[in-house]
Amino acid sequence: MANNTAEHPPGNSVAEGNHDGDFGVTVMDLRELMELRSAEGVSKIQDTHGDVQGLCRRLKTSAIEGLSGNPVDLEKRHTSFGKNFIPPKKAKSFLALVWEALQDVTLIILEIAAIISLSLSFYHPPGGDSEACGQVAGGVEDEGEAQAGWIEGAAILFSVAIVVLVTAFNDWSKEKQFRGLQSRIEQEQKFTVIRKGQVIQIPVSEIVVGDIAQIKYGDLLPADGILIQGNDLKIDESSLTGESDHVRKSMEKDPMLLSGTHVMEGSGRMVVSAVGLNSQTGIIFTLLCAGDNEEVKKVKKTKTQDGIALEIQPLKSEEATESEEKEEKEEVKPVKKVNVTKKEKSVLQGKLTKLAVKIGKAGLIMSALTVIILILYFVIDTFAVQGRSWTSECTPIYIQYFVKFFIIGVTVLVVAVPEGLPLAVTISLAYSVKKMMKDNNLVRHLDACETMGNATAICSDKTGTLTMNRMTVVQAYVNDTHFKTVPEPDAIKPETLEVMVNSISINSAYTTKILPPEKEGGLPRHVGNKTECALLGMVLQLKRDYQPIRDEVPEEKLYKVYTFNSSRKSMSTVLKNADGGFRMYSKGASEIVLRKCSSILDTQGQPRIFKPKDRDEMVRKVIEPMACDGLRTICVAYRDFPAEAGEPNWENENEILNELTCIVVVGIEDPVRPEVPDAIVKCQRAGITVRMVTGDNINTARAIAIKCGILLPGEDFLCMEGKEFNQQIRNDQGEVEQERLDKVWPKLRVLARSSPTDKHTLVKGIIDSTVLETRQVVAVTGDGTNDGPALKKADVGFAMGIAGTDVAKEASDIILTDDNFSSIVKAVMWGRNVYDSISKFLQFQLTVNVVAVIVAFTGACITQDSPLKAVQMLWVNLIMDTLASLALATEPPCESLLLRKPYGRNKPLISRTMMKNILGHAVYQLTIIFTLLFAGETIFNIDSGRNTPLHAPPSEHYTIVFNVFVMMQLFNEINARKIHGERNVFEGIYKNPIFCSVVLGTFILQIVIVQFGGKPFSCTALTIDQWLWCVFIGVGELLWGQLISAIPTHHLKFLMEAGHGTTKEEIKDEEMAEGADEIDHAEMELRRGQILWFRGLNRIQTQMDVVYTFQTGQAPVPGALRRQPSVVSQHNDSTAAKTLSSPTHVGLSASSSLTNSAGAVPPAAAASSSTAGN
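Be aware that the sequence shown starts at 253, since it is given in the working numbering, and climbs by one per residue.
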């Protein structure tokens, strides 16, 4: 076929210069094909290629063998069709981050004040400093000193520059870390393809057009493709269309599979037709980038929605024209309202936000008061008491005074506002996340790390988390005989053995295999579904092989497959016999499949009638004893449909899955992981309740729970099945009632035979409950696609890295890379450590805040000048913000963290003990500072530094005050390492080299500043005696700390606690109107430190939804841009909303840019937009 690129002008840069090489189809052909849906797609394939096989031939691939994997061929496909890689958004440059850091309001105020001060210092009016201007300028220094007036302004600007650079560097390193994390997650994502007839797993980025990919339940599709064989395939396309209903895919009706969508049921194979920027996700991404770039230019033009800024081609489909007619009718229909529950901010964030607001307000009031008192005192003293009049030549001098007062006021504000908080939180979280990687916790959302420290309940899966997920058949009931071990092949009737081996080999996913061990003497490798691996292992133990049977009946010959899902709890495969009849093989949970059996193979291998009473007896004598041994029981059965009865209606599942003949019931053992019982004991000691939520039989679940230590003998705990659980918590209308649920969950420890909905109901119920004194913080583990809603609803969702499906990982906050419960305990330890690190930092910072603000305020009021100068304050601010947050936020965790109860949601951030420490140390520091301020000159026998003129040289007196202040902070930093009243503040200090180096570094810098800082730092060199006194007073902090810890806190009832969580009353008040803006200014401040982290792994998908609305040619509804994204998106879904602190807003800002850039779009199905709307 000739190269037909010319007929299809390239649509974007990726397609440009593409040669279709030797392929019979171009990139543009495939792009056009993938834009079609359902019947149109089918007819286009038939018209152009004959059928899917024809397309495969043109793409030079085999539907059965796949590609050859030849590097030359793969390279050719890369050049012709592009790579499966969407380039990440360009990182912000360092300069951009510097610019962001400069936006800080307090810094801007300081910069302005410093510039005014600078410019005024150069202005010397003739005779300005004569007696006429009053005493204030009195005794102005010699000419040389007057020239040095500019230094203070310059020093402030320099300090501001340092603060900005440090902040920008932190943001930059966070961005770098985040990108590293993202690329690690991307590298770990693999997908199953067929090459040279072999099923192999390759990294997603290596998939090429023409690959034959195997898709199964739980996959996130990495590229666009066309179905070539499917079993009961259902796809969740809500990430692209916003439609929450699952779309059934089949060769005949709708074979189009799109990247970024999720497989919710079934399995199949597809030929990859578009990758990277040419796939549907890629096209949307390209549009998004165009939207981002044009947003700035267009925003002025497109004030109205009619301004067309970005023309997006509607889909080439009849639906667009039909929908225009439908539009009016559709709009009348009531829009389906999605109730999205607002998920609270992470526990720590909520508390920090409130605290920051309070401190900020207090600081603002204090700084305003300082400025007002200074100005009033000056004005009254100069113009009233001294009776001066304001003359024009004195104006610059007076203004300089006012600027000086203003600078003092702003400096008080700078010290009062804890802008180091976001930094401390970020450093602490980033450090923990990095270290948690080593403990097999891959943290996807930063705040999950700290929330985990507050966890009070963990709802865990059984299989693979508490158990090893290495299943083996250990008992079997076959031919009316109960074998306690796998029987020898001779012990089973040949007819029974034949049908059993066929049933197991064919009625299991063909991707499930048992491979030889990697190392000699090792265990065989289980690939695919572990339960199926156990059954295949039994086939091998019976000296038979499943592979020849599968080769004889390839997947194409399977007539119909009912794949396993959570409601069926069974899997069935139908084969067509030569005589026109059908045989169906089934397997599933024993009590469910046995209910559908009407006969069973007897001792002779012949079917005999199986009545309900026989079934009850079998449950009692076979299944319960197996379950009580902790075994999982699976029933294997079959059914024949005779040819003369004609073809049954396969859609009527209840009819089909009935009248079965039971072949065998097996007991599968999945041993408890050896480290789990210990981990659960640690959790219980740490005040965390572990609950097991499993789809397994109640007896099996109970047996495993006892082995793990979840159920302890002699304790009054509940074990119940999902059915009973629902009866107890629902009213007559079938609605869940919180009061009923509150009676059940506190004692519930095992929920068996539960559906994903039960899991979600339980998690939601526990989180919303207010029956206990502290509100619960719930962590959930999950691996299946159906666990998505519960993982999203939970405060922290853990997905399994090995057994977990892509959907589960997508919905989770942390991925357990080793699927091991004991890694969750490590996460708890790190979480508590983060929480404690922030508290340590707060204890230290608030002491400095209180002292610095009071000293500056009182000093200013009494001596008309702050004892601590602006530059000195900025240095103190740098010590306590950047350096202290680095020192205190990187404390490593210790086992003792697991010996206390969790803090919970309502526990204040600053406990009474911490308040005692803060106020106690503040009293010591204030006493010392004021003593030195008003009596320092006599104690040290030096000149007084009070009431000095405007540009006087720095005095020894005030240098000593500054130096003592810093020394006290330095030693108090060591005190701040303990927040629970421990005596030994040096414990484990050598384990934290960062802390030691920060304290030492600060000390050395302080020596340099005092001895050589001179005029800019308002310091003068001190003698060795004076230095020793300063250090001695500083060491007094440690002794004073011992004194404070000796005072029992319970006597100090008058001390307030601060930084509370959300109370019960507030929850009720907080119920917001849907779509109301949830962000407040303090949170904005907090977010600045974290926002880069939160541009989460799925940020694109939130925005894709919006663009897709336009891309399919739908009219933008004003509400559509605030739509709640789908299951896939990281934020909300109709079942469970999980609003992360930032990405929602990030996502919406990106969306709103699209409103501007995608003004008017051809009208089309409003129905789709209405679901997308809010």
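For each residue, glycine too, the CB sits at the ideal point set by N, CA and C.
Looking at the unbroken alpha helix (DSSP H) that takes in Arg802, where does it start and where does it end?
Boundaries of the alpha helix (DSSP H) around Arg802: 799 to 804.
Can you give the Cα-Cα distance for Tyr890 and Asp713, rounded to whole angstroms?
Taken atom to atom, the span from the alpha-carbon of Tyr890 to that of Asp713 is near 30 Å.
Output needed for Lys344: all residues of its chain with C-beta closer than 7 Å, excluding positions within five of it in sequence on either side, in chain order.
Glu427
Looking at the structure shown, is Thr1361 part of a helix, part of a strand, or coil, going by DSSP?
Confidence in Thr1361 is poor, its pLDDT being 42 and thus under 50, which makes the residue's placement too unreliable to answer from.
Quick check: what's the CA-CA separation for Val1128 versus Glu458?
53 Å
Hey, Val1262 and Cys1271 are a contact pair by Cβ (cut 8 Å); roughly how many whole angstroms apart?
5 Å
Asp1010 and Leu1003 - do their beta-carbons sit closer together than 8 Å?
yes
Which residue spans inside the region 731 to 808 form an unbroken alpha helix (DSSP H) run of at least 4?
746 to 758, 782 to 793, 799 to 804
For Met1220, I'd like the list of residues in its chain whose CB is within less than 6 Å of its CB, leaving aside the five on either flank, ordered along the chain.
Gln1177, Gly1286, Glu1289
Rounded to whole angstroms, what is the Cα-Cα separation between Ala614 and Gly1156?
27 Å
Under the three-state reduction of DSSP, which class applies to His514: helix, strand or coil?
strand
On the three-state DSSP scale, how would you describe Arg860?
strand
Taking all protein chains shown into account, do 16 or more other C-beta atoms lie within 10 angstroms of the C-beta of Val1077, making it buried, or fewer, making it exposed?
buried
Should Leu1338 go down as buried or exposed, given a rule of 16 or more other Cβ atoms within 10 Å for buried?
With a pLDDT of only 40 at Leu1338, under 50, the local geometry of the prediction cannot be trusted, and the value read off the model is given with reservation. Label assigned to Leu1338: buried.
What three-state label does DSSP hand Asn483 in the structure shown?
strand
So, helix, strand or coil for Val918, using DSSP?
strand
Which parts of the region 322 to 352 are runs of the beta strand (DSSP E), unbroken and 3 residues or longer, counting only runs that do not cross its ends?
none
What does a CB cutoff of less than 7 Å around Pro769 pick up in its chain, not counting 5 residues either side in sequence?
Leu775, Pro776, Arg777
Answer yes or no: does any C-beta atom of chain C fall closer than 8 Å to that of Met688?
Among the chains of the structure shown, chain C does not appear; only one protein chain is present.
Whose CA, out of Gly857, Lys821, Pro859, lies closest to the CA of Glu843?
Lys821
With DSSP as the reference, label Thr1315 as helix, strand or coil.
Here the model assigns Thr1315 a pLDDT of 49, short of 50, so the residue's position is not dependable, and the following value carries that caveat. Note: Thr1315 maps to coil in three-state DSSP.
Does the beta-carbon of Ile1256 have 16 or more other beta-carbons within 10 angstroms, so that it is buried, or is it exposed?
Around the beta carbon of Ile1256, a 10 Å sphere encloses fewer than 16 other beta carbons of the protein chains shown; the residue is thus reported as exposed.
For the region 937 to 944 against the region 1142 to 1154, do three or more pairs of beta-carbon atoms, one drawn from each stretch, fall closer than 8 Å, so that the two count as touching?
The region 937 to 944 and the region 1142 to 1154 touch, with no fewer than 3 CB-CB distances between them shorter than 8 Å.
Scan the region 967 to 991 and note each continuous beta strand (DSSP E) run of 3 residues or more that stays entirely inside, going in chain order.
Given a length threshold of 3 residues, each whole run of the beta strand (DSSP E) inside the region 967 to 991 is given here in chain order: 970 to 973.
Do you know how far the Cα of Leu970 is from the Cα of Ile950?
11 Å
Between which two residues does the alpha helix (DSSP H) containing Met1081 stretch?
1073 to 1115
Going by DSSP, what residue range makes up the alpha helix (DSSP H) through Val1283?
1276 to 1298
Only counting the same chain, and skipping five residues up and downstream in sequence, which positions put a Cβ closer than 7 Å to that of Asn1244?
Taken in chain order, the residues that qualify are Thr1142, Glu1143, Pro1144.
Rounded to the nearest angstrom, what separates Ile1181 and Val1107 at their Cα positions?
Roughly 8 Å between the two C-alpha positions.
Run the CB neighbour count on Ala1187, radius 10 Å, all protein chains shown included, and call it buried at 16 or more, exposed below.
exposed
Could you spell out where the alpha helix (DSSP H) holding Lys886 opens and where it closes?
Just to set this straight, residue 886 is Ile in the shown sequence, not Lys. Segment 884 to 893 is the beta strand (DSSP E) holding Ile886; no alpha helix (DSSP H) there.
Using alpha carbons as the reference points, say which of Gln1294, Asp1277, Cys785 lies closest to Glu1234.
Gln1294
Flag this pair as yes or no: are the beta carbons of Leu694 and Ile1067 separated by less than 8 Å?
Less than 8 Å divides the Cβ of Leu694 from the Cβ of Ile1067.
Classify Gln1263 as helix, strand or coil using the three-state DSSP reduction.
helix
When you measure from the CB of Lys1159 to every non-hydrogen atom of the ligand SAH, does any distance come out below 7 Å?
Annotation note on the ligand SAH: not contained in the displayed structure, which lists no ligands.
Report back the beta-carbon spacing between Trp1292 and His1173 to the nearest angstrom; my notes put them in contact at under 8 Å.
7 Å
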